[in-house]
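Okay, structure first, notes after.
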Amino acid sequence: MAYAALNSTIGGLGSTATFSTVFEEVSKASVDLNVAERLWASWYLWMQNDTIATGIMSFVMHELVYFGRSLPWMIIDVIPFFNKWKIQNTKVPTWREQWECAALVLISHCTVELPQIWLFHPIATYFGMEYGVPFPPLWKIAMQIVIFFILEDAWHYWFHRALHYGPLYKSIHKLHHTYSAPFGLAAEYASPIEVMLLGFGIVGSPIVWTLITNDFHLVTMYLWIVLRLFQAIDAHSGYDFPWSLRHILPFWAGADHHDLHHERFIGNYASSFRWWDYCLDTEAGEAASKKRRERKLAEIRAKKAQ
Numbered sequence: 001m002a003y004a005a006l007n008s009t010i011g012g013l014g015s016t017a018t019f020s021t022v023f024e025e026v027s028k029a030s031v032d033l034n035v036a037e038r039l040w041a042s043w044y045l046w047m048q049n050d051t052i053a054t055g056i057m058s059f060v061m062h063e064l065v066y067f068g069r070s071l072p073w074m075i076i077d078v079i080p081f082f083n084k085w086k087i088q089n090t091k092v093p094t095w096r097e098q099w100e101c102a103a104l105v106l107i108s109h110c111t112v113e114l115p116q117i118w119l120f121h122p123i124a125t126y127f128g129m130e131y132g133v134p135f136p137p138l139w140k141i142a143m144q145i146v147i148f149f150i151l152e153d154a155w156h157y158w159f160h161r162a163l164h165y166g167p168l169y170k171s172i173h174k175l176h177h178t179y180s181a182p183f184g185l186a187a188e189y190a191s192p193i194e195v196m197l198l199g200f201g202i203v204g205s206p207i208v209w210t211l212i213t214n215d216f217h218l219v220t221m222y223l224w225i226v227l228r229l230f231q232a233i234d235a236h237s238g239y240d241f242p243w244s245l246r247h248i249l250p251f252w253a254g255a256d257h258h259d260l261h262h263e264r265f266i267g268n269y270a271s272s273f274r275w276w277d278y279c280l281d282t283e284a285g286e287a288a289s290k291k292r293r294e295r296k297l298a299e300i301r302a303k304k305a306q
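Position 223 of the sequence shown, counting from 1, maps to 223 under UniProt numbering, and the rest follow consecutively.
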């Protein structure tokens with residue numbers, strides 16, 4: 001760790017030193033670091049246990065981002081003005097449905113995801129992940145996050161598609177399809193097996209990247225998780241605004257893509273991009289169905305003409 005040399009600086013403060021005291025000492029000793037980097041280094045130095053420090057920070061971040069990003073969608077659902085942009089505008093979730101969903105998701109976070117979050121630090125550092133200061137340059141963080149989005153989308157497509165196979169759907173994936181008109185909080189409303197299986201694409205991609213390149217930082221992981229949570233929650237929001245990202249990036253999946261999946265229960269298996277469903281002919285919706293019917297009719301006519 002780059003902050004290891006700071007241990008001697010704060011060593012005389014004692015185990016009862018407050019976080020603010022540690023931060024002051026780190027700021028004096030490391031004027032070349034920005035505020036975020038000094039706060040980061042101070043947190044690890046103050047905790048004196050890197051695994052616990054990462055575990056607490058990761059879990060708190062996950063909960064704040066997940067429920068914090070879901071809250072605006074809960075508010076939008078009760079404001080009639082936004083109903084014109086709701087994809088299935090006759091199916092607005094009730095408060096009871098949202099709170100029941102939130103309760104199950106919170107239980108899942110504490111029982112299924114918490115152990116995985118806690119184990120991430122020792123596993124990832126074993127494979128070479130860095131977590132010291134200074135942070136990597138922004139261009140490197142952005143590049144790696146783009147790669148993770150592409151890798152995770154491929155993983156999600158194939159395993160999500162597999163989960164729609166009869167026995168797997170009934171025993172694992174059916175719970176996630178409780179709501180045919182999804183809403184933000186339902187992004188992680190799923191069975192423990194599904195959470196672990198699809199979650200591996202999110203956590204496993206950075207670990208594989210670390211193994212190949214030996215160049216990965218925990219702060220990149222955090223930014224990747226935040227953006228992936230935003231994507232998942234927004235895709236389940238049920239709203240397609242004129243300013244939604246998919247209108248800017250045509251290959252971005254967006255809420256309209258995933259809403260159709262919940263409405264039709266089949267097709268549109270990818271998480272972030274549209275290319276897998278387009279190339280493998282698993283798009284959902286009337287337009288895609290019409291194209292498939294026309295193609296089959298053309299094939300029949302061609303055979304008859306032979």
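Beta carbons: idealized from backbone N, C-alpha and C, even for Gly. Note that the coordinates shown come from a computational prediction; the quantities given were computed from them, not determined experimentally.
CB-CB length for residue i against residue j, believed under 8 Å
i: V133; j: E283; result: Incorrect: roughly 45 Å between the Cβ atoms, too far for contact.
i: F241; j: W85; result: 5 Å
i: V105; j: L185; result: 6 Å
i: F183; j: D77; result: 7 Å
i: H156; j: G204; result: Not quite, the Cβ-Cβ distance comes to about 11 Å (not below 8 Å), so this is no contact.
i: I107; j: F59; result: About 14 Å separates the two Cβ atoms, so there is no contact after all.
i: R228; j: F251; result: Actually they are not in contact, since the Cβ atoms of R228 and F251 sit about 17 Å apart, beyond 8 Å.
i: I87; j: D259; result: 4 Å
i: I148; j: L197; result: Looking at the sequence itself, residue 148 is Phe, so the reference to Ile does not match. Wrong, their Cβ atoms sit about 17 Å apart, outside the cutoff.
i: T54; j: H121; result: 4 Å
Status (buried if at least 16 other CB within 10 Å, exposed otherwise) for residue i
i: F135; result: buried
i: W95; result: exposed
i: P115; result: exposed
i: Q231; result: buried
i: R292; result: exposed
i: E294; result: exposed
i: A124; result: buried
i: W243; result: exposed
i: G68; result: exposed
i: P72; result: exposed
i: H247; result: exposed
i: A235; result: buried
Range covered by the alpha helix (DSSP H) that runs through residue i
i: P134; result: P134 -> no alpha helix (DSSP H), and no H or E assigned at all.
i: R69; result: 50-77
i: R38; result: 35-47
i: K304; result: 286-305
i: V112; result: It is not in any alpha helix (DSSP H) - V112 carries neither H nor E in the DSSP assignment.
i: E25; result: 19-29
Residues bridged to residue i [DSSP beta-bridge criterion]
i: F273; result: W252
i: H217; result: E130
i: Y239; result: K86
Min CB distance residue i to chain C below 8 Å
i: Y239; result: No chain C appears in the structure shown, which is made up of a single protein chain.
Residue i CB to nearest heavy atom of the ligand HEM below 7 Å
i: W243; result: With respect to the ligand HEM, the structure offers nothing, as it holds no ligand at all.
Segments of 4+ residues assigned as alpha helix (DSSP H) that fall wholly inside the segment 79-110
Runs found: 95-108.
Give the list of continuous beta strand (DSSP E) stretches no shorter than 3 residues that lie fully inside the segment 123-210.
Listed in chain order, nothing qualifies, since the segment 123-210 has no complete beta strand (DSSP E) run of 3 or more residues.
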